[in-house]
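Taking it in order: structure first as structure tokens, then the write-up.
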Amino acid sequence: MISVKKDFENIPYPLSKEHCENGTQERTATTNEDRRKTVIENEQYDDNFNDRYKHKEIRKELGRIYKEKCAFCEQNQEIMHVEHYRPKTKYYWLAFSWDNLLLACAKCNGSGNKASHFPVENTAIVSPKIDCSDIDLSKINNFCKEYDELEKPLLLNPEQEEDLHFRFSFDRNGEICPTNSNDEQAKQTIDVIKLNRDSLKIARKKIIDDFEKSVIGKKVKDKGELRRHVMHEMEMLREKADIQNSDENFLAFRTYVVNEGIMKQIIKSAFGQSNQK
Ligand SMILES: [Zn+2]
């Protein structure tokens, strides 16, 4: 997982309180503000309004922010969902809130993984009327920080954490673990989303295997040529691991490989083999 920045000055228009378009006549009869009030009044998420949070403008903006990659596993997949950080089944009043919407792949968001799981350290908020006072709908797109302080979620949110990739470490086989073994949030996130599922480990390991093949398998006439080749391959690996500018998948992993010794170890073996020749 890596951190992403969401723009709160320009919230997609389908989430504005006045907005009202599409759908059946019955649905167009109400604005977002009315829909939110209805959901709160009924104390449950209303599937009739479900076109709202996955409106194409919202999907488009999330795709831009997340570079079309899943917020959790960092892959671009054929089926990507507009996903609720706090699940809409429990936090029904946040179903159409900008700071509660992420982009996630069908696997991470699927049943058995994230789905409606949302572990918290403190007590979960069960009603929009905290302290018995009415919810302030003017803040509906921006409740996350306030709620985080109260609940202390155990699921990491890429939009609320700085430099999130430092929270995770990896091994040579693509296995992910918390960098700090006491980091309960990183641990729970790995467990809930199943970030060590086989397909992810295999895909991450392949990045290292490909790099290894490119430097160790290369036929060269002398050490100078090997050095030039290795420098070039290293540069390519670094470029693809650039957290700010790269569009590649698995950036947390790639950065770890480049910065935490895995790349160096492989290079060392390449030169070791060359010495033996
Ligand atoms: Zn995913």
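The letter at position 221 of the sequence shown is residue 220 when you use numbering that gives the first Met the number 0, and the numbering goes up by one with no holes.
Where is the CB? At the ideal position from N, CA and C, for every residue including glycine.
All values reported here derive from a predicted model rather than from experimental measurement.
Query: Buried/exposed call for C104, threshold 16 Cβ in 10 Å; Result: buried
Query: Rounded straight-line distance, which links the Cα of A94 to that of E32; Result: 12 Å
Query: Three-state class that DSSP yields for N134 in the structure shown; Result: For the sequence presented, residue 134 should be read as Ile rather than Asn. I134 falls in the coil class under three-state DSSP.
Query: Neighbour-count burial assignment, C143, 16 or more Cβ in a 10 Å radius; Result: buried
Query: Cβ-Cβ distance between L153 and I1 below 7 Å; Result: no
Query: Delimiting residues of the alpha helix (DSSP H) encompassing L149; Result: 143-150
Query: Limits of the alpha helix (DSSP H) - the one that F252 falls within; Result: 250-258
Query: Distance CB(F169)-CB(F252) smaller than 7 Å; Result: yes
Query: Alpha-carbon spacing of R226 relative to K138, whole angstroms; Result: 57 Å
Query: Cα-Cα separation between R34 and Y90, rounded to whole angstroms; Result: 15 Å
Query: Reduced DSSP category for A202 - H, G, I as helix; E, B as strand; rest coil; Result: helix
Query: Chain-order list of residues whose beta-carbon lies under 6 Å from that of P11 (same chain, five-residue window excluded); Result: E56, I57, E60
Query: Buried versus exposed call for S96 [16 or more other C-beta atoms within 10 Å across all chains shown]; Result: buried
Query: Which of helix, strand or coil DSSP assigns to I124; Result: coil
Query: Candidates N248, S268, A269, L236: closest to N258 by CA position; Result: L236
Query: E25 - DSSP class collapsed to helix/strand/coil; Result: Residue confidence for E25 is low, a pLDDT of 48 falling below 50, so the modelled location carries little weight and cannot support an answer.
Query: Cut-off 6 Å between Cβ atoms - residues of its own chain near L194, not counting five sequence neighbours on either side; Result: I175
Query: Chain-ordered list of residues that sit, by beta carbon, closer than 5 Å to a heavy atom of ligand 1; Result: C69, F71, C72, C104, C107
Query: Straight-line Cα distance separating Q243 from I64; Result: 12 Å
Query: G62 versus S126: straight-line alpha-carbon distance, rounded; Result: 30 Å
Query: Cα-Cα separation between T188 and G216, rounded to whole angstroms; Result: 37 Å
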